[in-house]
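Reviewing the structure listed below.
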Amino acid sequence: DVKVTQSSRYLVKRTGEKVFLECVQDMDHENMFWYRQDPGLGLRLIYFSYDVKMKEKGDIPEGYSVSREKKERFSLILESASTNQTSMYLCASTPSGGLRGDEQFFGPGTRLTVL
Amino acid sequence: AQSVTQLDSQVPVFEEAPVELRCNYSSSVSVYLFWYVQYPNQGLQLLLKYLSGSTLVKGINGFEAEFNKSQTSFHLRKPSVHISDTAEYFCADGLTFGKGTHLIIQP
Chain A
39 DVKVTQSSRY LVKRTGEKVF LECVQDMDHE NMFWYRQDPG LGLRLIYFSY
89 DVKMKEKGDI PEGYSVSREK KERFSLILES ASTNQTSMYL CASTPSGGLR
139 GDEQFFGPGT RLTVL
Chain B
116 AQSVTQLDSQ VPVFEEAPVE LRCNYSSSVS VYLFWYVQYP NQGLQLLLKY
166 LSGSTLVKGI NGFEAEFNKS QTSFHLRKPS VHISDTAEYF CADGLTFGKG
216 THLIIQP
């Protein structure tokens, strides 16, 4: 079974802090994604990566950056956390191939609260 | 730009009754349609997907969906629901997700 793990289930940070959310997948998937999930808004794509060191902006990249130094690991970085970044963050991965046509495998999520 | 519309934010239904969760997508050259389920405090998992071929797609846990190109719809159905089906359901076209439908099963 594909396993996608996220470093923390719950995280509390203060406004202005730099925050790192880590995601690791164990099935050699090429593509990795970061979404945020908010009530009534569904999932919105922040960034994705289709290869090591490659990244593309999603629909809501403002205030975020990402890093993919190794194939299995995809990090989401909040350079200066703000209260409007309080959310559930979901990481996902898919095998190689078309980005849109593959099933996504999701991690359990990190619930981030910014005070 | 693609969009996915889930017409109901919440659907209450009695246990053992049938249910339909509605999803419409914006027309596109090619569609890759998915239904995912999210149980409380968990990530999403795939219920079923339509890439091509038969328009009736069967998934896990007794769910099925029908792709209707003329109505640009991909509604999810189950003939008889159980308490364990209580969850959030998301329709997606590739990387574009709907806002979700909360299925509430009433005993």
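Sequence lines, in order, name chains A and B. Heads up, the first sequence is in the numbering used here, so the first residue is 39 and it goes up one at a time. Heads up, the second sequence is in the numbering used here, so the first residue is 116 and it goes up one at a time. Ideal Cβ positions, reconstructed from N, Cα and C, are used throughout, including at glycine.
Considering Cα atoms alone, identify which of A/79, A/48, A/45, A/92 is closest to residue 68 of chain A.
A/92
8 Å Cβ cut-off: residues of chain A touching residue 165 of chain B:
Here the premise fails: no neighbours, minimum Cβ distance about 10 Å.
Please classify residue 74 of chain A: is it buried, with 16 or more other beta-carbons within 10 angstroms of its beta-carbon, or exposed?
buried
When you compare the CB positions of residue 209 of chain B and residue 130 of chain A, do they come within less than 9 Å of one another, or not?
no
Report the CB separation of residue 110 of chain A from residue 64 of chain A in whole angstroms; it is logged as a contact under 8 Å.
7 Å
Determine the DSSP secondary structure at residue 199 of chain B, reduced to helix, strand or coil.
helix
Would you say residue 142 of chain A reaches chain B, if we count a Cβ-Cβ gap shorter than 9 Å as a contact?
yes
Taking only beta-carbon positions, decide if residue 147 of chain A is within less than 9 Å of chain B.
yes
Measure how close the beta-carbons of residue 98 of chain A and residue 115 of chain A come, nearest whole angstrom, since I'm counting them as under 8 Å.
The pair is not a contact, with the Cβ atoms about 15 Å apart (cut-off 8 Å).
In or out: residue 200 of chain B buried (at least 16 other Cβ within 10 Å) or exposed?
buried
DSSP three-state call for residue 176 of chain B: helix, strand or coil?
helix
Counting only beta-carbon separations shorter than 9 Å, does residue 139 of chain B have a partner in chain A?
no
With a cut-off of 9 Å, does the C-beta of residue 88 of chain A fall near any C-beta of chain B?
no
Under 9 Å between beta-carbons, which chain A residues line up against residue 125 of chain B? List them in chain order, please.
Chain A residues near residue 125 of chain B: none, gap ~11 Å exceeds 9 Å.
Once DSSP output is grouped into helix, strand and coil, what is the label at residue 122 of chain A?
helix
Note down, in chain order, each residue of its chain lying with its Cβ closer than 8 Å to the Cβ of residue 47 of chain A, except the 5 sequence neighbours on either side.
146, 147, 148, 149
State the CB to CB distance for the pair residue 165 of chain B and residue 182 of chain B, rounded to an integer number of angstroms; the pair is presumed to be in contact (CB under 8 Å).
5 Å
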